[in-house]
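Since the structure comes first, as structure tokens, the remarks are kept for the end.
Set out below in structure tokens:
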């Protein structure tokens with residue numbers, strides 16, 4: 046099986062809180078179970094969710110373009 050979220054890299058986390066609809070939470074717990082079977086160790090839901098969000102943001106070309114404009118100096122303002 047080839048899950049989109051592969052082995053989990055070690056990295057520092059920033060804690061945030063989120064509320065999910067029950068069906069999304071159920072799917073996330075099921076994904077975590079399948080991921081644990083695939084890689085032989087349990088990974089916290091928070092780490093999986095963070096990687097899922099990261100992959101989503103990385104795949105959104107419109108977001109990447111818009112984000113670059115946030116970082117550009119605005120030459121028309123004084």
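Residue numbers (the working numbering): 46 to 123. C-beta atoms are modelled at their ideal positions from N, C-alpha and C, and glycine is treated no differently. Small disclaimer: the values here were computed from a predicted structure and weren't measured.
Is it the case that the Cβ atoms of residue 93 and residue 80 are separated by a distance below 8 Å? Yes, these two residues count as a Cβ contact at 8 Å.
For residue 60, the nearest candidate out of 95, 109, 112 and 118 (CA to CA): 95
Go ahead and label residue 50 buried or exposed: buried means 16 or more other beta carbons lie within 10 angstroms of its beta carbon, across all protein chains shown. buried
Is residue 78 near residue 48, with beta carbons less than 8 Å apart? no
To the nearest angstrom, how far is the alpha carbon of residue 52 from that of residue 58? 16 Å
Note down the Cα distance separating residue 112 from residue 97, rounded to an integer number of angstroms. Straight-line Cα distance between these residues: approximately 19 Å.
Give a yes or no on whether the C-beta atoms belonging to residue 115 and residue 108 are separated by under 8 Å. no
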